[in-house]
Structures are given as structure tokens and as C-alpha cells.
Amino acid sequence: MDDADDYQLMAIGSLSPGDSPRLSGEDTEHTRLLAESGEDLPPILVHRATLKVIDGVHRLRAAVLRGEEKIKVRFFDGDEEAAFVMAVEANTAHGLPLSLADREAAAARIVASHPQWSDRAIAAVTGLSAKTVDTIRRSAAPLVPQPLSRIGRDGRVRPLNSAEGRRRACELFTVRPDASLRTVAEQAGISLGTARDVRNRMMRGEDPIPPQQRARDERREPTDAERRLRRVSAAATRTDRPKDPATILHLLQRDPSVRFTDSGRTLLRWLNDQTAGVRDWESLSGAMPSHCAFMIADLACAVAEEWLEFAEHVRRRAETTA
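Reminder that position 218 of the sequence shown reads as 228 in this note's numbering, one-by-one numbering, no gaps.
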């Protein structure tokens with residue numbers, strides 16, 4: 011699109027003005043100066059899907075004043091919101107400058123249409139400071155859903171709240187302990203180093219969120235899912251109870267209140283059946299067809315989620331009857 015020869019000639023009558031970021035519309039004096047300059051007008055930018063002008067309305071009007079029937083055109087492919095961003099970026103970079111009011115109004119619209127973009131990314135498009143974009147975003151916050159992460163100018167996704175990303179990573183490692191660091195980092199919106207730190211903290215039985223981050227995050231009310239995950243994770247890291255399934259089953263089988271009642275024996279049979287496959291997973295995993303691996307992994311994750319819910323239910327019942 012930057013190549014000077016990369017254009018097509020289009021009939022002026024087939025084109026129409028697009029969604030301009032200029033609040034005051036066309037500057038007729040600027041159009042007159044372009045028409046009278048006698049210079050060859052650079053190609054205008056047109057949204058291919060709608061044939062609306064993204065950048066170059068003044069050049070289009072100047073060509074009309076000159077009595078020309080065709081004009082040089084470069085096409086843009088994308089949706090209308092992307093076309094508006096392109097219009098803002100083009101008008102900020104060259105030609106008749108946008109006013110401060112134009113750029114602030116454009117930033118407000120981009121915040122609404124691209125809430126996942128960082129303040130610096132929007133600032134680069136609109137020619138504003140990141141601080142000004144942040145102020146605009148805050149004023150629009152009640153009306154615009156705020157994502158948990160934002161995309162920076164370099165295209166990288168970064169969480170707005172690193173504690174939130176760590177919580178998500180903790181949840182992913184809990185449900186899928188064999189997940190790779192890269193997979194967890196991408197899904198939680200955190201760096202590989204942070205994902206590694208979360209996993210190491212969980213292995214040591216520590217809070218995945220460092221104390222200083224936890225202190226900053228205390229003002230935020232945790233969700234029900236986060237409360238459940240914290241209770242389950244905290245209970246699972248206690249050292250005063252055995253964690254090996256075989257040991258736990260053996261202790262339950264020796265408990266008179268379990269082994270000498272019909273309901274207890276039914277519970278033991280059910281627990282034994284439910285955990286038998288888990289103990290044999292290493293030998294079974296090598297026999298599964300490779301094309302079924304992802305389906306089986308998804309099934310294991312779903313079962314793990316149900317076990318977490320079961321664990322929370324049983325633990326909550328124990329706490330209320332204690």
C-alpha cells in the first residue's frame with residue numbers, strides 16, 4: 011500500500027466520503043488550495059467493501075473542482091472500525107492535521123471499539139499522550155467492558171492485573187498439572203517467567219501471588235470461583251494429612267465407621283473405582299491412539315473439574331459440621 015505505483019483509477023462518482031475523524035467536516039479552503047495547486051494528487055485510501063474514502067476526502071473534492079472524472083485509489087481491506095482507525099492514523103501522520111478535539115474524540119471511539127488495545131497503542135494512532143488516553147478510558151469505563159489484559163504496540167498481550175494472571179495460571183495448573191509453561195502463559199496472559207514462578211510456588215505449597223502483589227490486590231473482591239480455588243488449593247497443600255490416593259484409601263478401609271456400615275462400604279467401592287484408573291494412567295497413556303489424545307485430555311480435565319467441585323462440597327460440609 012506504500013508503493014507509489016500501487017493504485018487503481020476509479021470513477022469519482024462511484025466513491026463517497028467515509029466516517030471522518032474530523033468533527034467539523036471538510037475544510038473548504040484547504041480543498042480550494044489543493045484544486046488550484048495544479049499538482050498531481052496522491053492516491054486516496056478507500057475502504058474496498060463500501061467504496062467509502064478513508065483518507066483523502068479533500069483530494070476527492072479537489073478532483074471534482076478540477077472537473078476530473080477519475081482519481082487514483084488504494085484499497086483497504088478490513089471492517090469499518092479498522093477503517094476508522096486507519097483514517098485517524100493517516101490524518102495524524104500527514105496532510106491537514108487533526109485538531110486536539112478531533113484526536114480526543116477519535117481516541118474515545120477507539121477505546122470503545124478496541125478496549126483490548128493498550129493506552130500507548132491508542133496514543134500512537136491518535137497522536138495523544140498515553141496519559142490522555144488513560145483519562146479518556148477512565149471516563150468511558152462505566153460504558154465500556156474492560157478486558158483482563160491489553161495488547162501493546164508490540165503486539166504482546168499483557169494482563170492489567172498481574173495477580174489476576176497468576177490466579178488464572180494457578181487454576182490452569184490445578185486442572186491440568188501437566189500443561190506446558192508456554193500453554194499456561196498464553197492462556198493466562200502472563201510471561202513464561204511468571205508462569206514458571208506460579209508453578210514453583212504451587213509445588214512448594216506457597217501462595218501463587220507474592221505477598222506484595224497480594225497486598226495491592228486485597229481491595230478487589232474475589233469471585234466465587236476464586237474463593238473456591240483458594241480454599242481447595244490451601245487445603246491441598248496442608249502437610250498434616252496424607253496425599254497419596256492409595257494411602258488415603260487404606261486409612262479409610264481401616265476406619266470402623268466406614269468399613270462396618272453399608273453406606274461406608276458403598277463409598278469405599280465407589281472411591282476405589284474412581285481412583286483406580288488414575289493410578290494406572292502411565293501404563294494406559296502409551297496405548298491410546300494419537301488421534302484420540304486431545305479428546306482424552308479434555309475428558310481428564312472435565313473429570314478433574316468435577317473432582318474439584320466434589321472436594322469443595324465435602325470440605326464445606328466438614329467445616330459446617332465441625
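The beta-carbon is built from N, C-alpha and C at its ideal position, and this holds for glycine as well.
* Under 7 Å between C-beta atoms of I81 and W127 -> Annotated as distal: I81 and W127, with beta-carbon spacing of 7 Å or more.
* Based on the DSSP secondary-structure assignment, which residues constitute the bridge partners of R84? -> According to DSSP, which records beta bridges pairwise, R84 is partnered with L55.
* **Proximity below 7 Å, CB of L61 to CB of S24** => Yes; because the gap between Cβ atoms is below 7 Å, this pair is in contact.
* Straight-line CA distance for V324 to L318? -> Spanning the alpha carbons of V324 and L318 requires a straight line of approximately 10 Å.
* To do: Give a yes or no on whether the C-beta atoms belonging to C180 and V208 are separated by under 7 Å.
  => Yes, they are a contact pair.
* To do: Would you kindly check if the distance between the Cβ of R130 and the Cβ of R163 is under 7 Å?
  => For the 7 Å CB-CB criterion, R163 and R130 form a contact.
* Asked: Can you tell me whether A205 is buried or exposed, with buried defined as 16 or more other CB within 10 angstroms of its CB?
  -> Burial call: buried.
* Range covered by the alpha helix (DSSP H) that runs through D65 -> Judged by DSSP secondary structure, D65 falls outside any alpha helix (DSSP H) and instead within the beta strand (DSSP E) spanning K62 to D65.
* Asked: Going by alpha carbons, who is nearest to L106 out of S273, G66 and I120?
  -> Checked all of S273, G66 and I120; the closest Cα to L106 is G66.
* Contact between the segment 66–77 and the segment 37–54 (3+ Cβ pairs under 8 Å) -> Between the segment 66–77 and the segment 37–54, the count of C-beta pairs closer than 8 Å reaches three or more; the two stretches touch.
* Asked: Should L108 be labelled buried (16 or more other beta-carbon atoms within 10 Å of its own) or exposed?
  -> Per the 10 Å Cβ criterion, buried.
* To do: Enumerate in chain order the residues of its own chain whose CB-to-CB distance from A97 is below 6 Å, with the five nearest sequence positions on each side excluded.
  => Contacts found: P31, I64 and D65.
* Looking only at DSSP bridge pairs, what is L6 linked to? -> There is simply no residue 6 to check, as the chain begins at 11 and stops at 332 in what is shown.
* **Chain-order list of residues whose beta-carbon lies under 8 Å from that of F183 (same chain, five-residue window excluded)** => In its chain, beyond the 5 residues on either side, A189, V194, V208, R209 and M212 have a beta carbon closer than 8 Å to the beta carbon of F183.
* Asked: How many angstroms separate the CA atom of I120 from the CA atom of I132?
  -> A straight-line Cα-Cα distance of about 7 Å links I120 and I132.
* To do: Out of A310, R166, Q263 and S47, point me to the one whose CA is closest to L202's CA.
  => Measuring from the Cα of L202, the nearest candidate turns out to be R166.
* Asked: R186 by DSSP, collapsed to three states: which one?
  -> Look at R186 here: in three-state DSSP terms it is coil, with no helix or strand label.
* Output yes or no for whether 7 Å exceeds the beta carbon distance between D16 and R58. => Taking 7 Å as the Cβ cut-off, D16 and R58 do not qualify as a contacting pair.
* What three-state label does DSSP hand R166 in the structure shown? -> Three-state result, R166: coil.
* Leaving out five residues before and five after V268 in sequence, what residues of the same chain have Cβ atoms less than 7 Å from its Cβ? -> Taking V268 as the centre and dropping the five residues before and after it, the same chain places the C-beta of L262, G274, L277 and L278 closer than 7 Å to its C-beta, in chain order.
* If you run the structure through DSSP and keep just helix, strand and coil, what is S273? -> Three-state DSSP puts S273 in a helix.
* **Residue range of the unbroken alpha helix (DSSP H) whose run includes G48** => For G48, no alpha helix (DSSP H) segment is defined, and its DSSP state is neither H nor E.
* To do: Measure the Cβ-Cβ separation of H68 and T38 and say whether it is below 7 Å.
  => Not a contact, by the Cβ cut-off of 7 Å.
* Tell me whether R76 sits in a helix, a strand or coil according to DSSP, three-state version. => Three-state result, R76: coil.
* Can you give the Cα-Cα distance for L138 and L44, rounded to whole angstroms? -> Roughly 28 Å between the two C-alpha positions.
* How many angstroms separate the CA atom of Q117 from the CA atom of P220? -> Sequence check: residue 117 is Ala here, not Gln. Distance from the CA atom of A117 to the CA atom of P220, rounded to whole angstroms, is 35 Å.
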